[in-house]
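Under my numbering, the first residue of the sequence shown carries the number 2, and numbering increases by one thereafter. Everything below concerns the one structure shown next.
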Amino acid sequence: MARELCDDFKSFLVMSVLERACELEREGKRVIHLEVGEPDFPTPDCVREAAVKAIRDKRIGYTHSLGLLELREAICAEYHRRYGIDIHPDQVVVTPGTSPAMLLAAGCILNTGDRVLLTDPHYACYPNFVRFVGGVPVFHPVREADGFQFRSQTIRELAGGHKAVLLNSPANPTGTLVPMETLEAACASDMTVLSDEIYHGLVYEGREHTALEFTEDCFVFNGFSKRYAMTGWRLGYLIAPRHHVPFLQKMQQSFVISTNTVAQWAGLAALQEAQPDVERMKGIFDQRRRFLIDRLKELGFSLPVEPQGAFYLFVNASHLDTDSVRLAFDILNKVQVGVTPGVDFGPGGEGFLRFSYANSLENIEEAMSRLELYIAYRGKPSLR
Ligand SMILES: Cc1ncc(COP(=O)(O)O)c(C=O)c1O
Numbered sequence: 002m003a004r005e006l007c008d009d010f011k012s013f014l015v016m017s018v019l020e021r022a023c024e025l026e027r028e029g030k031r032v033i034h035l036e037v038g039e040p041d042f043p044t045p046d047c048v049r050e051a052a053v054k055a056i057r058d059k060r061i062g063y064t065h066s067l068g069l070l071e072l073r074e075a076i077c078a079e080y081h082r083r084y085g086i087d088i089h090p091d092q093v094v095v096t097p098g099t100s101p102a103m104l105l106a107a108g109c110i111l112n113t114g115d116r117v118l119l120t121d122p123h124y125a126c127y128p129n130f131v132r133f134v135g136g137v138p139v140f141h142p143v144r145e146a147d148g149f150q151f152r153s154q155t156i157r158e159l160a161g162g163h164k165a166v167l168l169n170s171p172a173n174p175t176g177t178l179v180p181m182e183t184l185e186a187a188c189a190s191d192m193t194v195l196s197d198e199i200y201h202g203l204v205y206e207g208r209e210h211t212a213l214e215f216t217e218d219c220f221v222f223n224g225f226s227k228r229y230a231m232t233g234w235r236l237g238y239l240i241a242p243r244h245h246v247p248f249l250q251k252m253q254q255s256f257v258i259s260t261n262t263v264a265q266w267a268g269l270a271a272l273q274e275a276q277p278d279v280e281r282m283k284g285i286f287d288q289r290r291r292f293l294i295d296r297l298k299e300l301g302f303s304l305p306v307e308p309q310g311a312f313y314l315f316v317n318a319s320h321l322d323t324d325s326v327r328l329a330f331d332i333l334n335k336v337q338v339g340v341t342p343g344v345d346f347g348p349g350g351e352g353f354l355r356f357s358y359a360n361s362l363e364n365i366e367e368a369m370s371r372l373e374l375y376i377a378y379r380g381k382p383s384l385r
């Protein structure tokens, strides 16, 4: 059954870009990678040291299925510090990344045929979590002028026909924040709010809000991959309404048993000690963001809503080519800059390109010079 449901799983186009980039690198070309959504910083020292210490101290057995109590308490403290809300460690499930947290939540609330409202464009993996448990992802086109986020009015109009709505703020691929009124409207609706908060803490303008500020009856996904540069550690968490926890716990016990113990101790150090590192990385991301916004505008791209967070820009490139896959591969082949085709994020992203600024300012500067050359000589035989 599950296999059947996965037949229309879409593969990740960004991986095809990356694979072609690797081929070019094998041929000796220097590719600048602006396609990948992974911080280019090493995990902070204090976090790596905590992991080494955990291994030395032989703290390496299974943990409680919901996660180390110390870590769950620190997550609650973090949500209190940042948003002034009170959650209980029993509502937190520590998972091997944010991705499994989404799968657990989908498995917990969706029955066959249940509809989940998503923006189009959206993070490419969302529909797969919904489909895997028999749910139906429903894509609603959102406007570039609205930062590709739902309006509160739209949420109110669509609420009736959907079991849940998935919101992502700041978002991948657009870097924009969900407006507070939209979050409020979603939390006040009959839909269950699934709030992906993985890019919280990487907001350069404005302020991010958790769905938990507006309702206790929501599922929040968060993790350590982005803010703490811990992608490969595989550590995330789910905050869930209390009455759902027994079922979530049964799933977790069966499918995961418990999340990697060393990664959990490292995550605790991240929450307790790595804030100065986060601030430093955030400052650097912001500098790159401002440079890229200005430079892309200079190159003739429009950006009606400037991204406020995460490390992405999503720009309309349809004046160069309306087929974003063809355009991304052409840029890669001709000037060796990797970018992600917008259509990877849903049909609403067609004609757009996602630029990730998880690369050094020096490399981004070089990538923009190459892009300038690409635009100037596009279609001319002299550009090799
Ligand atoms: C919006 C969004 N949610 C979730 C994830 C998954 O993150 P994790 O590494 O915690 O599984 C990503 C990864 O790129 C993402 O961009």
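Don't be surprised by glycine CBs; every beta carbon is placed ideally from N, CA and C. Remember, predicted model here, so these are calculated numbers, not experimental data.
query, result
"Pair within 8 Å by beta-carbon distance, Val326 and Ile332", "no"
"Cut-off 7 Å between Cβ atoms - residues of its own chain near Gln309, not counting five sequence neighbours on either side", "Pro171, Gly176, Thr177, Leu178, Val204, Tyr205, Glu206 and Gly207"
"Anticipated Cβ contact below 8 Å, Leu270 with Val48, distance rounded", "Contrary to the premise, residue 270 reads as Ala rather than Leu in this sequence. Correct: roughly 5 Å between the Cβ atoms."
"Beta-carbon gap between Val137 and Asp121 smaller than 8 Å", "no"
"Sub-8 Å separation of Gln265 and Leu236 beta-carbons", "yes"
"Asn129 beta carbon near ligand 1 (any heavy atom closer than 7 Å)", "no"
"Minimum C-alpha distance to Leu70 - residue among Ala165, His89 and Phe302", "His89"
"Contact test: Asn317 Cβ vs ligand 1 heavy atom, cutoff 7 Å", "no"
"Buried or exposed by the 16-neighbour rule on C-beta atoms within 10 Å, applied to Glu209", "buried"
"Any non-hydrogen atom of ligand 1 closer than 7 Å to Tyr124 Cβ", "yes"
"Span of the alpha helix (DSSP H), counted from its first residue to its last, around Asn129", "Tyr127 to Phe133"
"Extent of the continuous alpha helix (DSSP H) to which Pro101 belongs", "Thr99 to Ile110"
"Alpha carbon of Ser361 to alpha carbon of Gly202, nearest angstrom", "20 Å"
"Heavy atom of ligand 1 within 7 Å of Thr341 beta-carbon", "no"
"Three or more C-beta pairs below 8 Å linking the stretch 137-147 and the stretch 79-97", "no"
"Residue range of the alpha helix (DSSP H) that includes Asp295", "Gln276 to Glu299"
"Residue(s) in a DSSP beta bridge with His244", "DSSP output for His244 lists no bridge partner at all."
"Cβ-heavy atom distance, Thr232 to ligand 1, below 7 Å", "yes"
"Supposed contact pair Phe149 and Phe315 - C-beta distance, whole angstroms, cut 8 Å", "7 Å"
"Status (buried if at least 16 other CB within 10 Å, exposed otherwise) for Asp191", "exposed"
"Among Glu24, Glu39 and Lys30, nearest to Gly233 - alpha-carbon criterion", "Glu39"
"Contact test: Ser66 Cβ vs ligand 1 heavy atom, cutoff 7 Å", "no"
"Any 3 or more C-beta pairs closer than 8 Å across the stretch 245-265 and the stretch 58-67", "yes"
"Best match in Leu272, Cys23, Pro305 and Ile294 for proximity to Glu366 [C-alpha to C-alpha]", "Ile294"
"Any beta strand (DSSP E) of 3 or more consecutive residues that is wholly inside the stretch 193-250", "193-197, 219-224 and 237-240"
"Cutoff 8 Å; reference Glu373; Cβ partners in own chain excluding five residues on either side", "Leu300"
"When Asn173, Leu168, Lys59 and Pro305 are compared against Met181, the one with the closest alpha-carbon", "Leu168"
"Bounding residues of the alpha helix (DSSP H) (the contiguous stretch that carries Asp331)", "Ser325 to Val336"
"Closer than 7 Å: Ile240 CB and nearest ligand 1 heavy atom", "no"
"Gly343 (DSSP reduced to helix, strand or coil)", "helix"
"Nearest-angstrom beta carbon gap, Ile33 and Gln250 [assumed within contact, 8 Å]", "Incorrect: roughly 45 Å between the Cβ atoms, too far for contact."
"Residue from Glu20, Asp46, Pro247 and Lys227 with nearest C-alpha to Leu105", "Pro247"
"Cα-Cα separation between Ser17 and Val37, rounded to whole angstroms", "11 Å"
"Closest Cα partner of Ala212 within the set Ser226, Val194 and Gly224", "Val194"
"Arg290 beta carbon near ligand 2 (any heavy atom closer than 7 Å)", "Among the ligands present in this structure, namely ligand 1, ligand 2 is not found."
"Ser170 CB to nearest heavy atom of ligand 1 below 7 Å", "no"
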